[in-house]
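Using UniProt numbering, you'd call the opening residue of the sequence shown number 1 and step up by one each time.
Quick reminder that beta carbons are idealized off the backbone N, C-alpha and C, glycines included.
Here the structure comes first, spelled out in structure tokens, and everything after it is commentary.
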Amino acid sequence: MSNLKNVNLEVANFAMMCVEEVNKPEEKNCKDKRKETNKRKIDSKEYKSLVKKMSALIQKNGFIGTLVFNLSKVKKEHHKEVLKNIIEWNKKNLKINGIHKFKKDEMIFEKNNDVEIIKEYINWITKLEPVEYRLITKEMMSLFGWIKRFADGMIEDKAELIKGDQ
Numbered sequence: 001m002s003n004l005k006n007v008n009l010e011v012a013n014f015a016m017m018c019v020e021e022v023n024k025p026e027e028k029n030c031k032d033k034r035k036e037t038n039k040r041k042i043d044s045k046e047y048k049s050l051v052k053k054m055s056a057l058i059q060k061n062g063f064i065g066t067l068v069f070n071l072s073k074v075k076k077e078h079h080k081e082v083l084k085n086i087i088e089w090n091k092k093n094l095k096i097n098g099i100h101k102f103k104k105d106e107m108i109f110e111k112n113n114d115v116e117i118i119k120e121y122i123n124w125i126t127k128l129e130p131v132e133y134r135l136i137t138k139e140m141m142s143l144f145g146w147i148k149r150f151a152d153g154m155i156e157d158k159a160e161l162i163k164g165d166q
């Protein structure tokens, strides 16, 4: 029971960090116009909308189908961020680290290699055994359950803001 609790705490902590990263306030600096917006320009409301759909997308289309869908939209920062969340959780999750040929040390996001890393990850997923694929799918369902909860609580909708003003 204790081990299960620790695993849930780990995934919850990671999910909270993902949402906090997206929900960071914009950095503003009058001297430097380039710093007026978030460095990565992720729309937190778009991110929230996407993460709320991820579990359903995985159930309906399978994990690989969901990865490819997000890859097709990777020019939108919130889709890229979700894919990065997936890969980063795979690197931290001990259950997944044990799966053969997962090269977590090679999957490091740098300035311009995001899409290549994502494609490499999808390629790795397509070569898994069915048991391994089901394990990763289950872990991703758990991850997005937590991210969805934190996004609901931490990212405000426009409708919620309007209700609060009344």
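Is the distance from the Cβ of residue i to the Cβ of residue j below 9 Å?
{"i": "GLU20", "j": "MET154", "result": "yes"}
{"i": "PHE144", "j": "MET54", "result": "yes"}
{"i": "ASP114", "j": "LYS80", "result": "yes"}
{"i": "ASN93", "j": "VAL11", "result": "yes"}
{"i": "residue 234", "j": "THR137", "result": "An answer regarding residue 234 cannot be provided, because it is not within the stretch 1 to 166 covered by the chain."}
Note down, in chain order, each residue of its chain lying with its Cβ closer than 8 Å to the Cβ of residue i, except the 5 sequence neighbours on either side.
{"i": "LYS101", "result": "TRP124, LYS127"}
{"i": "ILE147", "result": "ALA15, CYS18, VAL19, VAL51, MET54, ASN85"}
{"i": "ARG149", "result": "ALA15"}
Could you check where the alpha helix (DSSP H) with residue i kicks off and where it finishes?
{"i": "VAL68", "result": "44-72"}
{"i": "GLU81", "result": "77-92"}
{"i": "LYS101", "result": "Where LYS101 is concerned, there is no enclosing alpha helix (DSSP H), given that its DSSP letter is neither H nor E."}
{"i": "MET154", "result": "130-154"}
{"i": "ASP114", "result": "114-126"}
Sorted by chain position, which residues of the same chain lie with C-beta nearer than 6 Å to residue i's C-beta, five sequence neighbours on each side aside?
{"i": "LEU67", "result": "ILE122"}
(request) Would you check if the region 111-120 and the region 6-21 touch, i.e. whether three or more CB-CB distances between them fall below 8 Å? (result) Counting Cβ pairs under 8 Å, fewer than three are found: no touch.
(message) Could you check whether the region 57-71 touches the region 88-100, counting it as contact only if at least three pairs of C-beta atoms, one from each stretch, sit closer than 8 Å?
(response) No, the region 57-71 does not touch the region 88-100.
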